[in-house]
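First up is the structure itself, then whatever we jot down about it.
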Amino acid sequence: DAKTTQPPSMDCAEGRAANLPCNHSTISGNEYVYWYRQIHSQGPQYIIHGLKNNETNEMASLIITEDRKSSTLILPHATLRDTAVYYCIVRVSRGSTLGRLYFGRGTQLTVWP
Amino acid sequence: KAGVTQTPRYLIKTRGQQVTLSCSPISGHRSVSWYQQTPGQGLQFLFEYFSETQRNKGNFPGRFSGRQFSNSRSEMNVSTLELGDSALYLCASSPRDEYEQYFGPGTRLTVT
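Residue numbers (my numbering), protein chains in the order written: chain E, 1201 to 1313; chain R, 286 to 397.
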């Protein structure tokens, strides 16, 4: 079962930062926060992941609160091509269920011109 | 490096038939996972293979099965197809346990 809560939809103006929140209040110490996105009818695309420190890559930044109960994915300059469903996933770092991702319903981000 | 490839991309089958879907992971990736996506249930985990062994299985009936070959390519099979099996079937590969998964474009299966 998904262990995350996300708003069903958000919108953002092109060129502005998109901040997508995720609640994972029951996260365990050995669980990472992963973000994926899925553009309509394509396979999900990996964006970023983190354990407790903030992370940044060429696509996005991930801010995880100190208590690790929530996080925010930031797309610094959203474009129309960022319109997609964004999934926040908590994933164990080791153990028998390692290879399994639990997808919730995600957030539909719509970027408008 | 080529991405994850899935064949066929689209498939139409009749209820009661069986179907086999194929997935070729990224070169060097040993873990392959399968997911089913439907509008009603979203993305659901089917099973995961690592080094030819099924390591994880989701809550799907026994009609859904899979296997992995020594070259890490994987197939999934659905027998006695039902209308509710119509879905996008996604395959994902990963080089090691702790790494992110890379998804293929999926196979769109329609059961009539």
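The C-beta atom is built at its ideal place from N, Cα and C for all residues, glycine as well.
Item to complete: Mind listing the chain E neighbours of R:PRO390? Cutoff is C-beta to C-beta under 8 Å, in chain order.
Response: Numbered from its first residue, the second sequence carries residue 390 of chain R at position 105. Going along chain E in sequence order, the residues near R:PRO390 (Cβ under 8 Å) are GLN1242, GLY1243.
Original post:
In chain order, what residues of the segment 333 to 351 of chain R put their CB closer than 8 Å to some CB of chain E?
Top reply: GLU333, PHE335, ARG340, ASN341, GLY343
Between which two residues does the beta strand (DSSP E) carrying R:SER386 extend? Within the second sequence, residue 386 of chain R is the residue found at index 101, counting from 1. Reading the sequence as shown, one finds Gln at residue 386 of chain R and not Ser. First-last for R:GLN386: undefined, no H or E at that position.
- Task: Please confirm if R:GLY313 has its CB atom under 9 Å from at least one CB of chain E.
- Result: As a working mapping, residue 313 of chain R is identified with position 28 in the second sequence. No - not a single Cβ of chain E is within 9 Å of the one on R:GLY313.
Quiz prompt | Cut-off 7 Å between Cβ atoms - residues of its own chain near E:ARG1291, not counting five sequence neighbours on either side | solution = The residue labelled residue 1291 of chain E in the question sits at position 91 within the first sequence. So the list reads GLU1231, TYR1232, TYR1234, LEU1301, once near-sequence residues are dropped.
Check: Thinking just about the alpha-carbon of each residue, which of R:GLY391, R:VAL396, R:SER378, R:LEU394 is nearest to the one in R:SER312?
Finding: Counted from its first residue, the second sequence places residue 312 of chain R at position 27. When each option's Cα is compared against that of R:SER312, the closest is R:SER378.
Spatial neighbours of E:LEU1251 within its chain, please: CB distance less than 7 Å, with the 5 preceding and 5 following residues excluded, ordered by chain position.
Taking the first sequence and counting its residues from 1, the one referred to as residue 1251 of chain E is at position 51. Once the five neighbours on either side are set aside, the close Cβ partners of E:LEU1251 are TYR1232.
For R:GLN386, would you say it is in contact with chain E, using Cβ-to-Cβ distances shorter than 9 Å as the test? Working through the second sequence from its first residue, we reach residue 386 of chain R at position 101. It does; some Cβ of chain E falls within 9 Å.
Contact defined as beta carbons within less than 8 Å: I believe R:SER316 pairs with R:THR292. What is the distance between those atoms, to the nearest angstrom?
Position 31 of the second sequence holds residue 316 of chain R. Position 7 of the second sequence holds residue 292 of chain R. That belief does not hold up - the Cβ atoms of R:SER316 and R:THR292 are roughly 20 Å apart, past 8 Å.
- [ ] Measure the CB-CB distance between E:ILE1227 and E:TYR1236 and report whether it falls below 9 Å.
- [x] Locating residue 1227 of chain E in the first sequence gives position 27, where the first residue counts as 1. Locating residue 1236 of chain E in the first sequence gives position 36, where the first residue counts as 1. Contact flag unset, no.
Measuring CB to CB, does R:ARG340 end up less than 9 Å from R:SER364?
-> As a first step, residue 340 of chain R must be located in the second sequence, where it is residue number 55. As a first step, residue 364 of chain R must be located in the second sequence, where it is residue number 79. Contact: no.
| request: Output yes or no for whether 9 Å exceeds the beta carbon distance between R:GLY351 and R:ASN362. | output: Numbered from 1 along the second sequence, position 66 holds the residue referred to as residue 351 of chain R. Numbered from 1 along the second sequence, position 77 holds the residue referred to as residue 362 of chain R. Against a cut-off of 9 Å, the Cβ pair of R:ASN362 and R:GLY351 comes out as a contact.
Take E:GLU1258 as the anchor and find which of E:THR1265, E:HIS1249, E:ILE1264, E:GLU1266 has the nearest alpha-carbon. For this step, residue 1258 of chain E is matched to residue 58 along the first sequence. Residue E:HIS1249 is the option with its Cα nearest to E:GLU1258.
task = Please classify E:HIS1240: is it buried, with 16 or more other beta-carbons within 10 angstroms of its beta-carbon, or exposed?
result = One-based indexing of the first sequence puts residue 1240 of chain E at position 40. Label assigned to E:HIS1240: exposed.
**Study point:** Beta-ladder partner(s) of E:VAL1233, from DSSP
**Key:** Taking the first sequence and counting its residues from 1, one reaches residue 1233 of chain E at position 33. For E:VAL1233, which the question treats as bridged, DSSP gives the partners E:GLY1250, E:VAL1290.
So with Cβ pairs under 9 Å, would you call E:GLY1215 a contact of chain R?
To locate residue 1215 of chain E, count along the first sequence from 1; it is residue 15. Chain R contact via Cβ: absent.
Query raised in the report: How about R:SER357 and R:THR323: are their beta carbons less than 9 Å apart?
Result: Position 72 of the second sequence, counted from the start, is the residue given in the question as residue 357 of chain R. Position 38 of the second sequence, counted from the start, is the residue given in the question as residue 323 of chain R. No, these two residues do not count as a Cβ contact at 9 Å.
Could you tell me which residues DSSP puts in a beta bridge with R:GLY327? Working through the second sequence from its first residue, we reach residue 327 of chain R at position 42. R:THR323, per the DSSP bridge assignment.
Subject >> CB contact check: R:TYR295 to chain E, cutoff 9 Å >> reply: To locate residue 295 of chain R, count along the second sequence from 1; it is residue 10. Answer no: the Cβ-Cβ gap between R:TYR295 and chain E never drops below 9 Å.
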